[in-house]
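Trainee:
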Amino acid sequence: MAHDDVITLRYQVARRAQAQWAAVPAAQRARQLARAADWMLDHADEVIATIVHENGKRPVEALGHELSASVANIRWLCEHGPAALRPQDVPLPLMPHRRAELRREPWGVVLVIAPWNFPLSIPLGHVFAALLAGNAVILKPSEITPTIGALIDDILADCGLPANLVGLVQGDGKVGQRLIAGRPDKILFTGSLATGRKVMEAAAAVPIPVCMELGGVDAMIVLPDADLDLASSAAVWGSMFNGGQVCASVERLLVHESIREAFVGRVVDKARSLEPATDLGRITAPRQRDVYDRHLADARERGLTIRCGGDYCTPDTLAPTVVEGEGIEDAAVYREETFGPMLAVRSFRRDDDAVRMHEELDGGLTASVFSRNEARAAAVASRLSAGLVSINDVAATLHALPQLPWGGVGSSGFGRSHGIEGLVALTRSKVVDTPRAGGLGFKRPWWFPYDATQREVIAAHARLVGSGSLRKRARAAADLGRSTLRLLLRHPRL
Ligand code: NAD
């Protein structure tokens, strides 16, 4: 069968399974999905070994950012999600004869397109939230980490889900495009800005709603009164954990000029002390080398200073690299996402300058501010455009805190996953409005026929609902009563 036929079939069977799944109460769906957390803990060694083998990250990172983050997310979703999905009565004070119920209905089939850098926790978080909300899922893992993507099938195997509720489709960007052409009801995309644009373009043709989780050049701002030891460790970890292959990596270090030398010196010493084999992991996607080489060549051409690193310490590991110098603000290493263990340093004089430098580049997923004066740090933090700003910490939540929404601004994307906000975004709201007992039996005054008395009724109603003064509202209520009575006398069939 041709690939497109397979994809069409995947959607057909997923739609049938979804109808069956959506009829299961959310609390029951949660009980079934929660079994996956136990499976993951029971098979932790196998899961971690698969991630380390295919992705190359350090075992401790596979444990913390993939396994632990995933089980925390599943458990939290299953415990707190059903309440958020429950239908709610919305009070209608001006229409007491009607009852409005707000329902959270699943979209249908959600397409998840995933990257390779957190090859389990990112797709798994999306898949579980979508399923809990009553959707079916088509999942396309990254072509660079297909085996880890396929683990999700094993993780779900004991949950007793309807057959074909989750369809795993492996492949590259071309397959991604075909999957979009298959008309999912919603797309959760995580990847680069360039690919995100293609996904949006294809989705626009239908149109299909999208949630875009993209990259960024996240900044860390170090104010002059920061704890230099804490902040320098944070800068090194924040820019180099997972080999720097993190959407929320510190890519830009903005440091106050008065502490620049002392601070950058510590950062360089700590970066140099990292052990590639135990701390950094390897470059997962070979094409990243092109980005590193281009950014380093550009830095050298501009005469910037490479304070440490700047070359490969093993065939598949870039040495921890710190770059600074006059004119860095125009360099690729500063302006573009490097997605490697590389840090670009720039200094500022006033807090306002740090904010301006942060805002000069579009987008922001996370940012951080370091200072011993939390009020001062909070004042700076409140002015930064980013989905999450940490004070005296870096990459503090990643996907590991399931309670918090996750997502960026500007070119780092839009839409939110995780938290109640992310779960609710996997539903579309629907209002069902019904008469309350005793509220039936007469036509509405705004129905036909139109006449002058009816206009008076509507004008009095507008004053009643729109006026800011209690006195005017009382007068409008009296007018409304009188005009409604006249209307009823005139048109007894109302
Ligand atoms: P990528 O954009 O190359 O690929 C992401 C996914 O899109 C892959 O599954 C890929 O096969 C698919 N794809 C590629 N071309 C496509 C097309 N034309 N149509 C449909 N799908 C297509 O990104 P990547 O290299 O896998 O991941 C790294 C990027 O992801 C970085 O920019 C990083 O910052 C970003 N990222 C963002 C977040 C976040 O939460 N915001 C998290 C992780 C990674």
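Residue 1448 is where the sequence shown starts when you use the numbering used here, and the numbers rise one by one after that.
Think of the CB as a built atom: it goes at the ideal place given N, C-alpha and C, for glycine as much as any other residue.
This structure is a prediction, so every number in the text was calculated from the model and none was measured.
How far does the beta strand (DSSP E) with S1568 in it extend, from its first residue to its last?
Mentor: Taken as a continuous stretch (DSSP letters only), S1568 belongs to no beta strand (DSSP E), being part of the alpha helix (DSSP H) at 1568-1579.
Trainee: Less than 7 Å between the beta carbons of V1780 and A1746, yes or no?
Mentor: Cβ distance < 7 Å, so V1780 and A1746 count as in contact.
Trainee: Considering only heavy atoms of ligand 1, does any lie closer than 6 Å to the CB of L1812?
Mentor: It does: the Cβ of L1812 is within 6 Å (strictly closer) of some heavy atom of ligand 1.
Trainee: Quick check on this structure: which residue in W1684, E1868, G1623, E1708 has the alpha carbon closest to the alpha carbon of E1508?
Mentor: Closest option to E1508, Cα to Cα, is W1684.
Trainee: Counting only the same chain and skipping the five closest in sequence on each side, list residues whose C-beta sits under 7 Å from that of L1743.
Mentor: So the list reads G1757, once near-sequence residues are dropped.
Trainee: Under the rule that 16 or more other beta-carbon atoms within 10 Å means buried, what is A1822, buried or exposed?
Mentor: Label assigned to A1822: exposed.
Trainee: What does the Cβ neighbour count give for Q1901, buried or exposed, with the cut at 16 atoms within 10 Å?
Mentor: By the 10 Å Cβ count, Q1901 comes out buried.
Trainee: Would you call the stretch 1565-1580 and the stretch 1597-1613 in contact, with 3 or more CB pairs under 8 Å?
Mentor: Result yes; three or more Cβ-Cβ pairs closer than 8 Å.
Trainee: Look up M1804 in the DSSP assignment and say whether it is helix, strand or coil.
Mentor: Helix.
Trainee: Could you give the DSSP three-state label for A1778: helix, strand or coil?
Mentor: Here A1778 sits in coil by DSSP.
Trainee: In the structure shown, what three-state DSSP assignment does M1448 receive?
Mentor: Here M1448 scores only 45 on pLDDT, less than 50, and its place in the model should not be relied on; the value that follows carries that caveat. In the structure shown, M1448 sits in coil (DSSP, three-state: anything other than H, G, I, E or B).
Trainee: Between which two residues does the alpha helix (DSSP H) carrying R1713 extend?
Mentor: Start and end: 1707-1719.
Trainee: Apart from the five residues just before and just after Q1624, which ones in its own chain have a Cβ nearer than 8 Å to its Cβ?
Mentor: Cβ neighbours of Q1624 beyond the five flanking positions: K1645, A1649.
Trainee: I'd like the span of the beta strand (DSSP E) that includes Q1949, first residue to last.
Mentor: The structure shown does not extend to residue 1949, since the chain is modelled only from 1448 to 1941, so the question has no answer here.
Trainee: Among the residues of its own chain, which have a CB less than 6 Å from the CB of C1755, if the five just before and after it don't count?
Mentor: If we look at C1755 and ignore the five residues flanking it on each side, its Cβ neighbours are V1715, A1718, R1719, V1769.
Trainee: Any contact between the stretch 1519-1539 and the stretch 1688-1702? By contact I mean 3 or more CB pairs, one from each, below 8 Å.
Mentor: The stretch 1519-1539, when compared against the stretch 1688-1702, does not touch it at the 8 Å Cβ threshold.
Trainee: Is C1694 close to ligand 1? I mean its beta-carbon at under 6 Å from any heavy atom of the ligand.
Mentor: Checking the Cβ of C1694 against ligand 1 gives yes.
Trainee: Beta carbon of G1862: closer than 6 Å to some heavy atom of ligand 1?
Mentor: No; taking the cut-off as 6 Å, the Cβ of G1862 has no heavy atom of ligand 1 nearer than that.
Trainee: Pull up the CB-CB distance for V1518 and L1488, whole angstroms please, since I reckon it's below 8 Å.
Mentor: With 8 Å as the limit, V1518 and L1488 qualify as a contact, their Cβ atoms being about 6 Å apart.
Trainee: Going by C-alpha to C-alpha distance, which of R1736, L1765, D1726, E1773 sits closest to E1748?
Mentor: When each option's Cα is compared against that of E1748, the closest is E1773.
Trainee: Hey, would you say the C-beta of D1665 is under 6 Å away from at least one heavy atom of ligand 1?
Mentor: No; taking the cut-off as 6 Å, the Cβ of D1665 has no heavy atom of ligand 1 nearer than that.
Trainee: Hey, how far is the Cα of L1851 from the Cα of G1638?
Mentor: Taking the straight line joining both Cα atoms gives about 20 Å.
Trainee: By Cβ distance, which residues of its chain are closer than 6 Å to A1473, with the 5 residues on each side in sequence left out?
Mentor: Taken in chain order, the residues that qualify are P1529, L1532.
Trainee: Specify, as a first and last residue, the run of the alpha helix (DSSP H) that A1925 falls within.
Mentor: Start and end: 1917-1937.
Trainee: Can you tell me where the beta strand (DSSP E) with H1742 in it begins and where it stops?
Mentor: Unbroken run through H1742 is the alpha helix (DSSP H), 1735-1748; no beta strand (DSSP E).
Trainee: What does a CB cutoff of less than 7 Å around H1908 pick up in its chain, not counting 5 residues either side in sequence?
Mentor: Contacts found: L1927.
Trainee: Excluding the 5 residues flanking L1558 on each side, which residues of the same chain have their C-beta closer than 6 Å to its C-beta?
Mentor: For L1558, where only same-chain residues beyond five positions count, the Cβ hits under 6 Å are I1585, L1626, P1631, I1634.
Trainee: Who are G1511's beta bridge partners in DSSP?
Mentor: DSSP lists no partner for G1511.
Trainee: Going by the CB atoms, is the gap between T1874 and R1551 shorter than 7 Å?
Mentor: Cβ distance < 7 Å, so R1551 and T1874 count as in contact.
Trainee: Tell me the residue span of the beta strand (DSSP E) that contains H1703.
Mentor: Taken as a continuous stretch (DSSP letters only), the beta strand (DSSP E) holding H1703 covers 1699-1703.
Trainee: Report the rounded CA-to-CA distance for V1836 versus R1830, giving the unit in angstroms.
Mentor: C-alpha separation (whole angstroms): 10 Å.
Trainee: Excluding the five sequence neighbours on either side, which residues of its own chain have a C-beta within less than 8 Å of the C-beta of A1943, listed in chain order?
Mentor: No statement about residue 1943 is possible, as the shown extent of the chain runs from 1448 to 1941 and does not include it.
Trainee: Where do the N-terminal and C-terminal ends of the alpha helix (DSSP H) with A1842 fall, by residue?
Mentor: No alpha helix (DSSP H) holds A1842; DSSP gives it neither H nor E.
Trainee: Between the alpha carbons of L1579 and L1541, how many angstroms are there, rounded?
Mentor: Each residue's alpha carbon lies about 35 Å from the other.
Trainee: Which of the three DSSP states is assigned to P1553 in this structure?
Mentor: P1553 falls in the strand class under three-state DSSP.
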